[in-house]
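Below is one structure, written out as structure tokens; the observations come after it.
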Amino acid sequence: CEVVFISGESGTGKTALAESIKERVASCEGTYITGKFDLKLRGPYFGIISLFRELCGEILELRRINSDRYQELCRSIISEVGGEIVLLTNIVPVLEEAIEVPFMPHVVADQGTKKRRNV
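Under my numbering, the first residue of the sequence shown carries the number 48, and numbering increases by one thereafter.
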């Protein structure tokens, strides 16, 4: 898995640079997603949340076109993320629909315990 972050001043061609690799990513069966970060207009996490939303859209599209690959991806995400999936679905609710998150009562209970300890 590779991730590319592009930063720079407004008007320097970041979007054009990102768009220039879109076809190459697709030809390697990769997933191309973008997000814009603007602290002044939308808050510190908007760029990350918009990336997750776009990624969820890609996952939902995969569910439509390749069910086996979709199921494999969902298992992989849940396996890698583990109990943190609850936190991620609180931040990006569409993620729960996109990967069909199983109910994990032990994770919810553990997080409640952590919150009480941190108070």
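Glycine residues also receive a C-beta, built at the ideal position from the N, C-alpha and C atoms.
Checking 8 Å against the spacing of the C-beta atoms, do residue i and residue j come in under that value?
i	j	result
S97	G82	yes
E143	T136	yes
L107	A73	no
V139	R100	yes
L64	I53	yes
L120	L109	yes
V51	C103	no
T78	E105	yes
Could you give the first and the last residue of the continuous alpha helix (DSSP H) run that contains residue i?
i	result
S67	61 to 67
E144	141 to 146
I132	132 to 138
*Whole alpha helix (DSSP H) elements within the segment 75 to 129, 4-residue minimum*: 86 to 89, 93 to 112, 114 to 128
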